[in-house]
Structures are given as C-alpha cells and as structure tokens.
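Following the numbering used here, the numbering of the sequence shown begins with 1 at its first residue and continues without gaps.
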Amino acid sequence: MGYTLAMEKYDVGIVGGGIVGLATALTLKQRHPDLDLCVVETEGRVASHQTGRNSGVLHSGIYYKPGSSKANHCRLGKQFMEDFCDEHQVDWDRCGKVVVATHASEVERLDRIQE
Ligand SMILES: Cc1cc2nc3c(=O)[nH]c(=O)nc-3n(C[C@H](O)[C@H](O)[C@H](O)COP(=O)(O)OP(=O)(O)OC[C@H]3O[C@@H](n4cnc5c(N)ncnc54)[C@H](O)[C@@H]3O)c2cc1C
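Here it is as structure tokens:
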C-alpha cells in the first residue's frame with residue numbers, strides 16, 4: 001500500500017517529525033535506500049514538541065530491571081544516540097548522575113541500583 005501526498009506518491013508516509021518519526025525514517029532509509037519515503041510534520045519545523053523541549057538526558061537504564069527488555073533497549077538506544085551524535089558532530093557530555101536516597105527506607109534500593 002502506498003501513500004499519496006498532494007500529487008506525489010510514496011512507498012511509506014510517516015506522520016510526525018519528532019525523534020520517533022525521524023529515527024524511523026532514518027532507519028528505514030538506511031535499510032532500504034531505494035524506498036520513496038516522506039515525513040509529514042504539521043509544524044513549520046521538526047522536533048518542535050516533546051523532542052525539542054525535553055530535559056536532554058540520555059537515560060542509562062539504571063532504574064530498569066537488569067537484563068530486561070526495557071533496560072537492554074535503553075542501553076542500546078543510548079549507544080545509538082551517542083554514535084549518531086559523534087558521527088554528525090553533535091556535542092554531548094557524559095556528565096554522570098547523582099542518585100540520592102532521601103529517606104532511610106530508600107537506601108536498600110540505592111544499593112541495588114549501585115549493584
Ligand atoms: C518535560 C519532558 C522531559 C523529557 N525529558 C526526556 C529526557 O531527558 N530524555 C529522554 O530520553 N526523553 C525525555 N522525554 C521524553 C521524550 O522527549 C519523548 O518520549 C519523545 O520526544 C517523544 O518523541 P515523539 O517523536 O514520539 O513525539 P514528539 O516529539 O511530540 O513528535 C510528534 C510530532 O508529531 C507532529 N504531529 C502531531 N500530529 C500530527 C499530524 N496530525 N500531522 C503531522 N504531524 C503531526 C507534532 O507536531 C510533533 O512534531 C521528556 C518528555 C517531556 C514531556
């Protein structure tokens with residue numbers, strides 16, 4: 001099934017130019033260079049919603065269960081993003097993170113996270 005945009009026809013149409021839409025488009029083009037693809041964005045520029053207004057953190061996955069799909073995807077995605085930034089000269093910084101227990105009952109959990 002194809003997509004028609006104005007008078008143009010595409011193999012794939014992606015709605016939304018946030019990080020999910022753009023990463024999907026990039027990956028599809030890398031895997032299938034001949035694919036005729038379009039990204040449709042309702043705003044005047046890409047990344048003008050959540051993607052352009054978030055905290056800018058590459059999450060390390062420390063809060064997810066070790067070995068879980070969520071933890072693995074988080075680490076893999078972080079690696080992809082670091083590689084992408086290096087390849088495209090986008091500055092990033094491994095500044096670390098301070099995780100504190102604000103109550104004695106949280107100390108045990110902190111030990112688990114450190115583990
Ligand atoms: C305050 C805040 C802080 C966050 N901090 C972090 C962080 O530090 N690290 C992190 O990894 N994640 C963070 N997140 C989460 C992360 O930003 C989002 O998960 C991610 O940006 C979602 O990307 P998206 O492409 O799905 O959505 P969006 O970036 O919102 O993109 C959706 C796009 O679709 C377009 N659109 C919508 N409807 C249509 C339509 N009908 N036609 C055409 N275009 C349309 C919109 O204009 C928009 O550009 C944060 C989120 C918030 C809200």
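Each residue gets a CB set at the ideal place from its N, CA and C atoms; glycine is no exception.
Residues near residue i in its chain [Cβ-Cβ closer than 8 Å; skip 5 each side]
{"i": "Leu37", "result": "Tyr10, Asp11, Val12, Gly13, Ile14, Ala25, Leu28 and Lys29"}
{"i": "Val107", "result": "Ala101"}
{"i": "Glu8", "result": "Cys38"}
Contact under 8 Å by Cβ, residue i with residue j
{"i": "Val99", "j": "Leu110", "result": "yes"}
{"i": "Cys74", "j": "His88", "result": "no"}
{"i": "Lys78", "j": "Ala71", "result": "no"}
{"i": "Leu22", "j": "Val46", "result": "yes"}
{"i": "Ile62", "j": "Ile19", "result": "no"}
Contact test: residue i Cβ vs ligand 1 heavy atom, cutoff 7 Å
{"i": "Val15", "result": "yes"}
{"i": "Thr102", "result": "no"}
{"i": "Glu41", "result": "yes"}
{"i": "Ala150", "result": "With the chain covering 1 to 115 only, the question about residue 150 has no answer from this structure."}
{"i": "Asn54", "result": "yes"}
{"i": "Gly44", "result": "no"}
{"i": "Ile113", "result": "no"}
{"i": "His59", "result": "yes"}
{"i": "Gly96", "result": "no"}
{"i": "Ser127", "result": "This structure leaves residue 127 out entirely; the chain is present only between 1 and 115."}
{"i": "Val99", "result": "no"}
Endpoints, alpha helix (DSSP H) assigned at residue i
{"i": "Ile19", "result": "Ile19 to Arg31"}
{"i": "Ile113", "result": "Val107 to Gln114"}
{"i": "Glu8", "result": "Where Glu8 is concerned, there is no enclosing alpha helix (DSSP H), although the beta strand (DSSP E) it sits in stretches over Glu8 to Tyr10."}
{"i": "Leu76", "result": "Ser69 to Glu87"}
Own chain partners of residue i with C-beta closer than 6 Å, once the 5 adjacent residues on each side are dropped
{"i": "Trp92", "result": "Cys85"}
Residue-chain proximity (residue i, chain D), Cβ-Cβ < 8 Å
{"i": "Gln30", "result": "Reference to chain D is not applicable here, since this structure consists of a single protein chain."}
Close-in-space but distant-in-sequence residues of the same chain around residue i (CB under 7 Å, 5 per side omitted)
{"i": "His49", "result": "Gly18"}
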